[in-house]
Amino acid sequence: MNLIGVNPALPGISGSKKLGFFSFNGGNQPINLKPGGVYQIKVAMDEKQTLKLDVQGKVDRFANGHAGKNHSHLSTIGNSTNIKWHGCPVEKTDRQKLLQQRGCVIWITGLSGSGKSSVACALSQMLYQRGKLSYILDGDNVRHGLNRDLSFKAEDRVENIRRVGEVAKLFADSGFICIACLISPYKRDRAACRAMLPTGDFIEVFMDVPLRVCEGRDPKGLYKLARAGKIKGFTGIDDPYESPLDAEIVLQCNTGDCSTPRDMAEKVVSYLEEKGYLQA
Ligand SMILES: Nc1ncnc2c1ncn2[C@@H]1O[C@H](COP(=O)(O)OS(=O)(=O)O)[C@@H](OP(=O)(O)O)[C@H]1O
Ligand SMILES: Nc1ncnc2c1ncn2[C@@H]1O[C@H](COP(=O)(O)OP(=O)(O)O)[C@@H](O)[C@H]1O
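Numbering follows the UniProt record's numbering, with no gaps: position 278 of the sequence shown is 278.
Set out below in structure tokens:
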């Protein structure tokens with residue numbers, strides 16, 4: 001932690017005072033101490049002449065990905081004016097300790113029929129068997145409720161992804177491993193969802209399955225209808241899909257002979273394990 005412009009008379013602090021700004025995960029963030037809270041604050045200078053602060057007690061902590069969280073002032077966020085973030089003492093880290101896992105978002109993108117839902121279900125099952133909590137946000141399912149007002153025209157797909165991204169962010173903040181599986185055809189929208197989360201917590205999984213394989217499966221008969229012109233704007237037929245170039249995990253299947261959804265999910269579990277998401 002690099003402290004900038006902090007009042008050195010820290011031990012005498014009382015009431016609610018903003019101490020200044022410190023660098024946390026790369027950004028300058030204010031620390032607020034609450035009236036009535038008990039804090040032990042150690043200040044030390046390291047060999048690089050950087051002030052070090054060690055605060056123990058109830059402190060408002062900040063994490064990346066909480067754009068617009070302002071603990072002291074009224075804010076305008078989009079069309080919402082005069083709003084103020086309400087912090088609570090039980091935070092993400094506390095929930096994660098309880099669950100013995102780290103909240104994150106596994107974002108599975110790919111064409112219709114590429115196997116997104118199958119991998120999501122296999123992954124959720126494998127995590128459950130290990131005692132890890134996950135929740136699936138499946139595009140098809142979310143369109144049955146929260147996003148029932150949205151169509152498949154470009155601007156509605158954008159809104160679909162934005163809403164699911166925001167919900168996924170909340171799940172991750174709750175400590176869950178949130179598995180979002182949507183076509184999510186536009187790079188920009190996936191990048192926007194990535195930007196909602198702390199670095200590393202958005203794990204993009206690309207179902208790299210070519211159109212001919214997906215079309216060959218066609219479990220819902222939708223490709224057939226799209227080819228017949230009965231569905232307009234179908235992804236991969238007459239609507240675009242922008243493949244990711246920087247996905248954390250690529251699950252490939254070039255032929256009809258693919259590895260099973262379970263084997264694919266295994267790769268995601270290994271990634272989570274390696275990155276420390278399966279422990280607090
Ligand atoms: N025009 C069009 N294009 C693509 N897909 C269509 C369309 N119309 C209906 N469907 C069915 O909707 C499912 C995709 O919903 P998503 O919310 O994941 O789509 S998107 O991310 O907003 O593009 C998708 O489900 P999956 O097959 O599970 O991907 C389709 O069954
Ligand atoms: N790895 C796989 N190998 C062979 N068939 C698969 C595989 N994954 C999924 N499928 C089949 O492909 C079809 C589409 O799978 P689904 O998971 O619904 O894809 P999506 O959610 O991307 O539309 C289903 O009939 C499913 O049983």
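A virtual CB, placed ideally from N, CA and C, is assigned to each residue, including glycine. Quantities reported herein were computed from a predicted structural model and do not represent experimental measurements.
Just confirm the distance between the C-beta atoms of residue i and residue j, as a whole number of angstroms; I'd bet it's less than 8 angstroms.
i: G280; j: R102; result: Before going further, note that residue 280 is Ala rather than Gly in the sequence given. About 7 angstroms; that satisfies the 8 angstroms criterion.
i: L222; j: S112; result: 6 angstroms
i: V119; j: A265; result: 5 angstroms
i: N147; j: R163; result: 6 angstroms
i: G165; j: M196; result: 6 angstroms
Would you kindly work out how many angstroms separate the C-alpha atoms of residue i and residue j, rounded to a whole number?
i: M207; j: K97; result: 32 angstroms
i: C258; j: K116; result: 13 angstroms
i: P198; j: C181; result: 20 angstroms
i: A154; j: V213; result: 24 angstroms
i: Q56; j: R194; result: Residue confidence is low: Q56 scores 46 on pLDDT, short of 50, so the model does not pin down where it sits. Its coordinate-derived value is still stated next. If you take the alpha carbons of Q56 and R194, they lie about 31 angstroms apart.
i: E234; j: P185; result: Rather than Glu, the amino acid found at residue 234 in this sequence is Phe. Computed Cα separation, rounded: 11 angstroms.
i: F152; j: I183; result: 11 angstroms
i: D263; j: Q252; result: 11 angstroms
i: D218; j: D189; result: 26 angstroms
i: K84; j: I77; result: 10 angstroms
i: G216; j: I108; result: 21 angstroms
i: G110; j: D94; result: 34 angstroms
With distances taken between CB atoms, is the gap from residue i to residue j smaller than 7 angstroms?
i: P244; j: E204; result: yes
i: L170; j: N160; result: no
i: S114; j: V209; result: yes
i: L123; j: V268; result: yes
Of the residues the options, which one's Cα is nearest the Cα of residue i?
i: E91; options: I249, D173, R190 and R194; result: D173
i: D246; options: A191, L211, G236 and E273; result: A191
i: T255; options: A168, K275, I231 and L211; result: L211
i: E248; options: F202, I77, T76 and T93; result: F202
i: K275; options: V250, G200 and N82; result: G200
Is the stretch 237-244 touching the stretch 137-144 in the sense that three or more CB pairs, one from each, lie closer than 8 angstroms?
no
Can you find at least 3 beta carbon pairs, one from the stretch 172-186 and one from the stretch 118-135, that sit closer than 8 angstroms?
yes
Report yes or no: do three or more beta-carbon pairs, one from the stretch 120-128 and one from the stretch 226-236, lie closer than 8 angstroms?
no
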